[in-house]
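Residue numbering for the sequence shown follows this note's numbering, beginning at 4 and increasing consecutively.
Glycine included, C-beta positions come from ideal geometry on N, C-alpha and C.
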Amino acid sequence: MSETRTLYYVHDPMCSWCWAFVPTWEQIQRELPNDIEVVYLLGGLAPDSDLPMPEQMKLTIAGYWQTIQDRVPGTQFNYDFWTKCQPRRSTYPSCRAVLAAKAQARDSDEAKALEKAMIKAIQEGYYLNAKNPSDFDTLIAFAEEIGLDVERFEIALNSESTIEKLNEEMHMARSIGAQGFPSLILKSNKFAEAEETKLQALKKPQWQNVPYDYNDASVTLRHL
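Pasting the structure below:
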């Protein structure tokens, strides 16, 4: 019996709790067992919208930031965002930006690197530098910042194929049991070898929600 395992990280680049999880998530990835592959999966918080965020929602989300700072010491937020920008409840553009960045990769390793680079640019721009990733111009500036072909990126950002890919990832996130962001879902594929034929048969994969603690990577690592 042999086994392969995949750890799905379900997230949204504009999810405040995902931002708070970054240091612990990076530690988890450094200390993962060698047989586990990590796959990022976009869950999508909020569809495209041109409507300004209502004042009460601004206060609510700013309150979430304060709660996060209380619960996850060291997490930084730049509250100037609420006065310098025109917030909108719209995170799908930043999700598509991640996919548009990956689309410029020449191989799987580069795709992972560009994926992480765009996520980092969005998160740091939003939470530290008070930039608005709901704005296309901001996302295009991030693309230039991480060295992408800006013209290709701008076309891909709102292309039908990118929209379809995001819908596929969001559907998969729901289908495997993601509950909120971030979520960690472990997929285990077991192969049984038949003695008579020496062929491997793939058994039905098992899916498991993996627990985590924002301040303690060992909570996750113990379950892997």
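Continuous beta strand (DSSP E) stretch holding residue i: start and end
| i | result |
| --- | --- |
| V41 | I39 to L45 |
| Q182 | Unbroken run through Q182: none, as it is neither H nor E. |
| N212 | Q209 to N212 |
Whole-angstrom distance between residue j and residue i, CA atom to CA atom
| i | j | result |
| --- | --- | --- |
| G2 | M56 | Given a span of 4 to 227 for the chain in the structure shown, any question on residue 2 remains unanswerable. |
| V33 | V41 | One point to set straight first is that residue 33 is Arg, not Val, in the sequence displayed. Roughly 11 Å between the two C-alpha positions. |
| Y130 | V222 | 26 Å |
| L111 | E58 | Checking the sequence shown, residue 111 turns out to be Ser, not Leu. Those two C-alpha atoms are separated by around 42 Å. |
| L35 | K61 | 37 Å |
| I188 | I125 | 24 Å |
| Y12 | A49 | 18 Å |
| S164 | R8 | 28 Å |
| K207 | N192 | 7 Å |
| D83 | P90 | 11 Å |
| T78 | I179 | 29 Å |
| P16 | S162 | 19 Å |
| K115 | K168 | 16 Å |
Endpoints, the alpha helix (DSSP H) within which residue i is located
| i | result |
| --- | --- |
| Q59 | E58 to R74 |
| H174 | E163 to S178 |
| F84 | F84 to K87 |
| L48 | From DSSP, L48 is part of no alpha helix (DSSP H); its letter is neither H nor E. |
Reduced DSSP category for residue i - H, G, I as helix; E, B as strand; rest coil
| i | result |
| --- | --- |
| R99 | helix |
| Q126 | helix |
| E118 | helix |
| N192 | strand |
| D53 | coil |
| E154 | helix |
| L142 | helix |
| E34 | coil |
| D112 | helix |
| L227 | coil |
| T94 | coil |
| T7 | strand |
Cβ-based burial, residue i [other Cβ within 10 Å; buried from 16]
| i | result |
| --- | --- |
| L54 | exposed |
| I31 | buried |
| T86 | exposed |
| N132 | exposed |
| H14 | buried |
| T141 | buried |
| N135 | buried |
| G66 | exposed |
| T63 | exposed |
| P214 | exposed |
| P185 | buried |
| G47 | buried |
| T94 | buried |
Closer than 8 Å to chain D by CB, residue i
| i | result |
| --- | --- |
| G46 | Going by chain labels, chain D is absent from the structure shown, which holds only one protein chain. |
query: Are the region 112 to 130 and the region 164 to 174 touching by the rule of at least three beta carbon pairs closer than 8 Å?
result: no
- prompt: Is it a yes or a no for the region 139 to 153 touching the region 98 to 111, going by three-plus beta-carbon pairs under 8 Å?
  reply: yes
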